[in-house]
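Top line first, the protein sequences correspond to chains A, B and C.
Per the working numbering, residue 1 is the first one in the first sequence, and the count goes up by one each step.
Per the working numbering, residue 1001 is the first one in the second sequence, and the count goes up by one each step.
Per the working numbering, residue 2001 is the first one in the third sequence, and the count goes up by one each step.
Input: a single structure, listed below in structure tokens.
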Amino acid sequence: MSRKPRNTLISAILVTLLSALLSQSAFSQDGPLPQLMPYPVNTQIEVVTPPPSPLLPVEKLEAYDSPDDSGNAIILAWPIPGDEKPEQKYIIEAASDQSGPWRQVATFNASTSFKADLPRAFTWNSTDLKTMHAIEINMAPPTKAFRDMLDESNYNKTLKLKETLKQIEDSIKDMAQAEKDVFADQIAELKQEIIDLENAAPVTVTLLDPDHYYHFRVIRSEGERLSPPVSVGVIPRGNWFDFGKLNNFVIAIMLAGLILFYVYRARKKPENIFIRRIPGLEAVEDAIGRATEMGKPIFFVHGLADMSSISTVASVNILGKITERVAEYGTAFKVTNKDPVVLAVSQETVKEAYLRMGRPDLYRDDDVFFVSQDQFSYATGVEGMILREQPASIFYFGYYFAEALLLTETGAHMGAIQIAGTDSYTQLPFFITTCDYTLMGEELYAASAYLSRDPKLLASLKGQDLMKGLIIIFILAGIILSTAGVEWIMHVMESF
Amino acid sequence: MLFFKRQLPLAIAFFFGLVGFFAQYIPHHSFEMLYNELISWVRLLYAFALILGTYSLLRLHSKRIERKDAGYGYSLVLWAGFIVTFAAGMYNEGRGFLAGQADTGMLMWIYDYIFKPAGATMFSVLAFFIASAAYRTFRARTPAAAMLLISAIIVMIGRIPIGDMISEHLPTLASWLMEVPNAAVKRGIFLGVALGVVATSLRIIFGIERAYLGGD
Amino acid sequence: MQRATLKKLLDLDRRWIFLMVLICAIGARFIDFDLPVFPKASVKTMYDKIEEVAAKNGTILISMDYDPSSKPELEPLSRALLRHAFSRKVKVIAMTHNPNGQRLAQTVLEESAAEFDVKYGEDYVLLGYKAGGGTLVINMGQDFRDAFSKDYAGDDLASFAVTREITSISKLDYVISVSASAYWESWMIYGHDRYRFPYGVGVTGVIAPDVFPFLQTGQVTGLVGGLAGAAEYETLIKRPDMAVVGMKPQSAVHMLLVLFVVFGNVIFFYDLILKRRQEKGRREVRRP
């Protein structure tokens, strides 16, 4: 036999013997194979759950002072993280000091709060309106209510306790240990109280004083997973002009400028300014004449608004002019009032008007009187007077509510000539159907200029009408441009 | 004396008018504090107006009683009502007028059983007057009046459940009338009124309009 | 028909008209007929807004700015709003600008609260009445506790869970003015436009047309007009009450008014035609 076949044979014999040996040991027992590694019975297995992997922190966190405010707000903005999911949240915390304590001031879902939601701070044509989160942290202004709340809050109590603790620790640091031990219980008690307060539900509102430096941090959260906080500092400042209302301011200044310009020109060079005929005011003279001929009184019925309403100011103007006309004829004239301040002004107006016309004897306090401050008591009171005294002419000037029809229907029933003027839009249909003449809206305001023909007042009307013309042109231009897809025009008149 | 009747009120109107105007555009906290203070003071004026009105009313009726004018019995009723209600309010079920208002007692009885039903009755009178006006004065004398009446009828029927029963288009038409022509006209009038208000306010602030002082 | 008869009809004593209205209004209460109420979009908006506030356990303010004269028209809405809010555990702060309205607000609040498991101070508070109108609203925006430091009974607002943390009306989730006069305008001009809180309006039917432009611009979120609007709201919350009951007489009287307008104009034009015929006849007689 050659060497190679002999080696092969020996290998085969060895493998066979080894296999037999192993199989012998494997099948030497009855039953299943024994376990190679014996396992102890009744042993507790500690399952170690790996900690949740933290979320990635926000990047490029920016902080700005909120524009056009009183100095109690700031804005935080950051790009939307690549791994953001709708179920995640953002937690915003604030502190006066970088070391804390940090107070939660806001929290929001990841699917909300973008730059697009803050049109005052970020212009409409910014490219990142939907790709960046932004939140305005608007703290309560330093009001009495808030300061009371803050005093009672745990936050303030914690600060006070910490200060006390620090004072005690500072005072005992140079003492001997035996002396320090005297304070040990007190110190321990204070520390426990601080811990309890900090663990209690936090006050979520924090005072943000203008011109002070504050720190803010943003933490992402998804269930138990939190991101490391990213902080930034900012100083909120009060602004002296609200640029969000710039368009409003420009229009107001333009209107004021136009009015003052024309009034100035009228003073220098009074000219005959044209004003269109207002039938209701033209008929005032006829109404007074009619009442004089019939020997019946004239009633002037004020509206329900008080002296702060422009329609009441306008009606008082008209009252003065009508009184002057009435003084010429000497007709009985009664003025009803719903508001005591309007009563005082009306009495003064009528008295002065009679005085100007040289007829102070015509004035009686009882003729300019207060009826009631209650709407329907006023209406029924005046109605009763109309039914009893049967005036020939009734003037209604001012702001009216539901009682308007009660008054005018009664007057129409009595056959009186009725002239009304109101800026109350909802009552205009009732006046129009029941009165002989009705001044609508701004015709009431123009009445004082119309009746007096004072160049200054007429000039201010001219300025007002010019402004109205400009606004109409602007509206038409806006309609055309926005229909044509010119977007900026829609934002020019945006109000914030 | 003229200074207090003319110059001083004009100066006050000018100063506070400008403060009120700029308050809309200056958000700074220092200006805001000034404005808040002014607002608190203005609110006091409303309370004083109540006292002034009460005095004026009582004075008028006491004169009528004194002169025994026609219908002076009603003035007596007014005085009696005022005294009883005032006394009940001051007494406040023994708690005095400085304490919070009591839930029961004479004042509440007067309010619940006299004032409330009387007030509701007064407003209900309006329904009858509207009906009277609808029949006697709502005439389609001109094409504009005719349009007004037709619109009124559509809206009156369309806004109530019966409108839905008559036709499903009626409520839609009524809503359209309210939301389109009505809103358009309201805006037009509102724009003019707003300009008029601003112009009149400016005239008052700059002293061009002085009728509110009782004449020129 | 003779002109004399037409003239009598045209000058009909208004007491007959009053009587017809009375019979119609009372009669409709006793006749049994169904009137299905279909809520309008503006009413649904208010309902949805309160649902939205409920979802975040928010707080609303209801300013019940009406007095006894407009109570029949506006109280059903106040009651429906309160029932809705209480059923959804929305916190309610109630107040009024109307000096005669405090008692009304108190009554409707107590009656509505009694139907639910809500507690004064924890779920609702009544601030009461304060003078000032628009200036009061501004004050509430600047410093809520300066405007109202105590509730109507004189207890400190700091002691109530509902108002403890409210420092300004800008913090409120929804403000509703239920108003019979110009108070809703004050809330809008001095409140919403300055402090930008969501704002809804409930007004009498006659004022509702005034509010539509603001509804369209989004300045007002939700509008309920008159008793019909209140009936729609009651339908939405599935608690038909006085407003739904009131629809029958209201519908009947509305139809009567339409009849009056039509009949009055028919008589008027017929009289006009007869008058012109008479004049034409006279002119023809005069011609030689």
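Cβ atoms here follow ideal geometry from the backbone N, Cα and C, with glycine treated the same way.
Start and end of the alpha helix (DSSP H) containing residue 2042 of chain C?
Your numbering for residue 2042 of chain C matches position 42 in the third sequence. Here the alpha helix (DSSP H) through residue 2042 of chain C covers 2041-2055.
Between residue 222 of chain A and residue 427 of chain A, how many whole angstroms is the CB-CB distance? I'm expecting something under 8 Å.
Translated into positions along the first sequence, residue 222 of chain A becomes position 222. Translated into positions along the first sequence, residue 427 of chain A becomes position 427. Actually they do not touch by this definition, with Cβ atoms about 59 Å apart.
Any non-hydrogen atom of the ligand FMN closer than 7 Å to residue 2023 of chain C Cβ
This structure simply doesn't include the ligand FMN, nor any ligand for that matter.
Whole-angstrom distance between residue 369 of chain A and residue 270 of chain A, CA atom to CA atom:
On the first sequence, position 270 is the one that residue 270 of chain A refers to. On the first sequence, position 369 is the one that residue 369 of chain A refers to. The straight-line gap from Cα to Cα measures roughly 38 Å.
Contacts of residue 1143 of chain B in chain C (Cβ-Cβ under 7 Å)
On the second sequence, position 143 is the one that residue 1143 of chain B refers to. Under the 7 Å cutoff, chain C gives no residues; its nearest Cβ is about 13 Å from residue 1143 of chain B.
How is residue 32 of chain A classed by DSSP in three states: helix, strand or coil?
Within the first sequence, numbered from 1, the residue matching residue 32 of chain A stands at position 32. The predicted position of residue 32 of chain A is uncertain, since its pLDDT is 48 and thus under 50; a value taken from the coordinates is nonetheless stated next. Coil at residue 32 of chain A, not helix or strand.
Tell me whether the region 463-473 of chain A and the region 246-261 of chain A touch, counting them as touching only if at least three CB pairs, one residue from each stretch, are closer than 8 Å.
yes
Which of the three DSSP states is assigned to residue 1035 of chain B in this structure?
If you number the second sequence from 1, residue 1035 of chain B lands on position 35. Helix, per DSSP.
Report yes or no: do the region 2208-2216 of chain C and the region 2080-2100 of chain C share at least 3 C-beta pairs separated by less than 8 Å?
The region 2208-2216 of chain C vs the region 2080-2100 of chain C: no contact.
At what residues does the beta strand (DSSP E) containing residue 62 of chain A begin and finish?
As a working note, residue 62 of chain A is residue 62 in the first sequence. Per DSSP, the unbroken beta strand (DSSP E) holding residue 62 of chain A starts and ends at 62-65.
Interface residues of chain A around residue 1167 of chain B at Cβ under 7 Å?
Sequence index remark: in the second sequence, residue 1167 of chain B carries index 167 (1-based). The premise fails here: residue 1167 of chain B is roughly 24 Å from chain A at the closest Cβ pair, so nothing lies under 7 Å.
Taking its Cβ as the centre, do 16 or more other Cβ atoms sit within 10 Å of residue 53 of chain A, making it buried, or is it exposed?
Counting from 1 along the first sequence, the entry for residue 53 of chain A is found at position 53. Its Cβ having fewer than 16 others within 10 Å, residue 53 of chain A is exposed.
Kindly indicate which residue of C:2241, C:2231 and C:2285 has the alpha-carbon position closest to the one of residue 2043 of chain C.
As a working mapping, residue 2043 of chain C is identified with position 43 in the third sequence. If we check each option's Cα against that of residue 2043 of chain C, C:2231 comes out closest.
In this structure, what does DSSP give as the bridge partners for residue 2059 of chain C?
The residue labelled residue 2059 of chain C in the question sits at position 59 within the third sequence. C:2091.
Proximal chain B residues relative to residue 2067 of chain C, where beta-carbon distance stays under 8 Å:
Position 67 of the third sequence, counted from the first residue, corresponds to residue 2067 of chain C. Correct list: 1119.
Rounding to the nearest angstrom, what Cα-Cα distance links residue 106 of chain A and residue 92 of chain A in this structure?
Translated into the one-based positions of the first sequence, residue 106 of chain A becomes position 106. Translated into the one-based positions of the first sequence, residue 92 of chain A becomes position 92. The alpha-carbon atoms of residue 106 of chain A and residue 92 of chain A are separated by roughly 5 Å.
Paired residues, beta bridge with residue 75 of chain A - DSSP
By one-based count along the first sequence, residue 75 of chain A stands at place 75. Per DSSP, A:64 and A:136.
Exposed or buried, which one is residue 167 of chain A when buried takes at least 16 other CB atoms within 10 Å?
Translated into positions along the first sequence, residue 167 of chain A becomes position 167. Around the CB of residue 167 of chain A, fewer than 16 other CB atoms lie within 10 Å, so the residue is classed as exposed.
To the nearest angstrom, how far is the alpha carbon of residue 2271 of chain C from that of residue 2006 of chain C?
As a position in the third sequence, residue 2271 of chain C is number 271, starting the count at 1. As a position in the third sequence, residue 2006 of chain C is number 6, starting the count at 1. Using only the alpha carbons, I get a separation of about 6 Å.
So, does the region 442-452 of chain A touch the region 1188-1199 of chain B, judging by three or more C-beta pairs under 8 Å?
yes
When C:2203, C:2084, C:2175 and C:2183 are compared against residue 2196 of chain C, the one with the closest alpha-carbon
By one-based count along the third sequence, residue 2196 of chain C stands at place 196. The residue with the shortest Cα to Cα distance from residue 2196 of chain C is C:2175.
Consider the Cβ of residue 1032 of chain B: report whether some Cβ of chain A lies at a distance smaller than 8 Å.
Within the second sequence, the letter at position 32 stands for residue 1032 of chain B. Yes - at least one Cβ of chain A is within 8 Å of the one on residue 1032 of chain B.
Which residues in the same chain have their Cβ closer than 6 Å to the Cβ of residue 2121 of chain C, if we skip the five residues on either side of it in sequence?
Taking the third sequence and counting its residues from 1, the one referred to as residue 2121 of chain C is at position 121. Taken in chain order, the residues that qualify are 2160.
Counting pairs of Cβ atoms below 8 Å between the region 311-320 of chain A and the region 393-403 of chain A, do you hit three or more?
yes
Closer than 7 Å at the beta carbon, the chain A residues around residue 2209 of chain C:
Sequence index remark: in the third sequence, residue 2209 of chain C carries index 209 (1-based). One finds 426 in chain A with Cβ atoms closer than 7 Å to the Cβ of residue 2209 of chain C, taken in chain order.
Does residue 1122 of chain B have its Cβ less than 8 Å from a Cβ in chain C?
Taking the second sequence and counting its residues from 1, one reaches residue 1122 of chain B at position 122. So, interface residue.
If you draw a straight line from the C-alpha of residue 169 of chain A to the C-alpha of residue 495 of chain A, how long is it?
In the first sequence, the residue the question calls residue 169 of chain A occupies position 169. In the first sequence, the residue the question calls residue 495 of chain A occupies position 495. So the two alpha carbons sit approximately 56 Å from each other.
Considering only the alpha carbon of each residue, which of A:425, A:342, A:300 and A:132 lies closest to residue 1188 of chain B?
As a working mapping, residue 1188 of chain B is identified with position 188 in the second sequence. It is A:425.
Using 8 Å as the Cβ pair cut-off and three pairs as the minimum, do the region 2087-2097 of chain C and the region 2059-2068 of chain C touch?
yes
Taking a Cβ distance cut-off of 9 Å, strictly less, list which residues of the region 398-411 of chain A are near chain D, in chain order.
Structure shown: chain D not included; protein chains present are A, B and C.
Taking its Cβ as the centre, do 16 or more other Cβ atoms sit within 10 Å of residue 204 of chain A, making it buried, or is it exposed?
Counting from one through the first sequence, the residue named residue 204 of chain A turns up at place 204. Note that residue 204 of chain A has pLDDT 41, beneath the 50 cutoff, so the model's placement of it is unreliable and the number below is only indicative. It is exposed - the Cβ of residue 204 of chain A has fewer than 16 other Cβ atoms within 10 Å.
Is residue 218 of chain A near residue 461 of chain A, with beta carbons less than 8 Å apart?
On the first sequence, position 218 is the one that residue 218 of chain A refers to. On the first sequence, position 461 is the one that residue 461 of chain A refers to. In this structure, residue 461 of chain A does not lie closer than 8 Å to residue 218 of chain A by Cβ.
Of all Cβ atoms in chain C, is any one closer than 8 Å to the Cβ of residue 1178 of chain B?
Position 178 of the second sequence holds residue 1178 of chain B. Yes - at least one Cβ of chain C is within 8 Å of the one on residue 1178 of chain B.
Note down, in chain order, each residue of its chain lying with its Cβ closer than 7 Å to the Cβ of residue 201 of chain A, except the 5 sequence neighbours on either side.
In the first sequence, counting from the first residue as 1, residue 201 of chain A sits at position 201. Note on residue 201 of chain A: pLDDT 46, under 50, position unreliable in the model; the coordinate value appears next. If we look at residue 201 of chain A and ignore the five residues flanking it on each side, it has no Cβ neighbours.
Anticipated Cβ contact below 8 Å, residue 57 of chain A with residue 228 of chain A, distance rounded:
Locating residue 57 of chain A in the first sequence gives position 57, counting from the first residue. Locating residue 228 of chain A in the first sequence gives position 228, counting from the first residue. The pair is a contact, with the Cβ atoms about 5 Å apart (cut-off 8 Å).
Give me the residue from A:293, A:321 and A:249 with the minimum Cα distance to residue 492 of chain A.
What you label residue 492 of chain A is simply residue 492 of the first sequence in a count that begins at 1. Cα-wise, what sits closest to residue 492 of chain A is A:249.
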